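Residue numbers (UniProt numbering): 1 to 417.
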């Protein structure tokens, strides 16, 4: 019998740039970790060509692949758009739907780091581009903004994520997007793709920033407005720059959305809403839209920089640690089966597996990106934090290995499903 216990518990995370989709409100799951692997990003030298080429052959779901930096465009003083060159033999594998993200790996100052970044390009652009805003004390985002150069190579995992929209030429919809700061990154991909493929659909974007100088993809949004004059509108809110109307001064919050809904937009008219940005904004926007008449199941959210406790892994432990000594877990990954032993010092299945040399997939370590997702085939686990798995995935037995702890010795998890 498979039993999945999901608990509510807050947790903090370190500064990540991009974290994974949440179609419903906060659910609960777990936390992750992983050993270093090679990635060209700092002053380190590449691996030898034979080993490098071998990593590019036979791509699998969780493998990393070397991609060359084709272009870096400065969007704002602290944000860039990075275009990745995908070789012909990998183009089919790197197909994506609007709203998905990439997991990048690099060795920065001698330490391996992994982060998730949303794809800002549209599949019809025939390019693969991400947006990266430098975060205060964000080592990876600062490295990309200040040190990464055209011609460098990074290790990149295949596109992942459930957030987003699948445009359909036969569909006619009225869509709303709300973004703050770098939360525009996946939203831009969704808006571009939808307007291009759904000729009768409309999109309204509410976009919050500190000032007009901090608006990412300003030119791209202006181009979309010029191209789709009657089908696309953008409302800019600035928290640190005066505007002609008080309606557009301040952060995107419950109060501002309530006023916008009463004076400019009738939120209940929208068929779907897509939200991306800081945790507080997402929570307030979600509540405001539900009260305005948009069904909760039609509101799709992706969290950036959640501000959840960096100590999430420590909070995963509950109860008597002595009860958790020497627990065994069977893991299936890439057609292989191996067993790990967990003890009281391990914070999660992922943590224990990495400690024992297993190269499991992971990125955010906070229950947000879902890179560590696997299916519980047997046994029972506690999963503490989940910001990414949907209700149907939970019902199907999916868990986040970074946030799960086995409650017995009969736990089997499968990453290949």
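Even glycine gets a Cβ: it sits at the ideal position worked out from N, Cα and C. In this text, all values refer to a predicted model and were calculated from it rather than measured experimentally.
Across the structure, residue 341 and residue 404 are spaced so that their CA atoms are roughly 14 Å apart. Around residue 95, the same chain offers 123 and 159 as residues with beta carbons nearer than 8 Å, after the five sequence neighbours per side are excluded. Taken through DSSP and simplified to helix, strand or coil, residue 259 comes out as helix. Assignment of beta-bridge partners to residue 378 by DSSP yields 412. Counting along the chain, the unbroken alpha helix (DSSP H) around residue 218 starts and ends at 218-227.
Just measuring C-alpha positions, the residue of 223, 138, 174 and 284 sitting nearest residue 268 is 174. Residue environment: residue 166 is assigned as exposed (fewer than 16 neighbouring CB atoms within 10 Å of its CB, all protein chains considered).
Taking residue 281 as the centre and dropping the five residues before and after it, the same chain places the C-beta of 180 and 252 closer than 6 Å to its C-beta, in chain order. Assignment of alpha helix (DSSP H) within the UniProt domain "2Fe-2S ferredoxin-type" (327-417), counting only whole runs of 4 or more residues, yields 349-355 and 391-395 in chain order. The Cβ neighbour count for residue 262, taken over all protein chains shown within 10 Å, is under 16; the residue is labelled exposed.
When the Cα atoms are used, residue 116 and residue 408 turn out to be separated by approximately 32 Å. Cβ contact annotation for residue 149 (same chain, cutoff 8 Å, sequence separation greater than five): 69 and 72, in chain order. Residue 89 has its alpha-carbon roughly 26 Å from the corresponding atom of residue 370.
Our two residues, residue 399 and residue 391, have alpha carbons roughly 11 Å apart in a direct line. The C-beta of residue 339 has fewer than 16 other C-beta atoms within 10 Å across all chains shown, which makes the residue exposed. With contacts defined as CB atoms closer than 7 Å, residue 273 and residue 289 qualify as a contacting pair.
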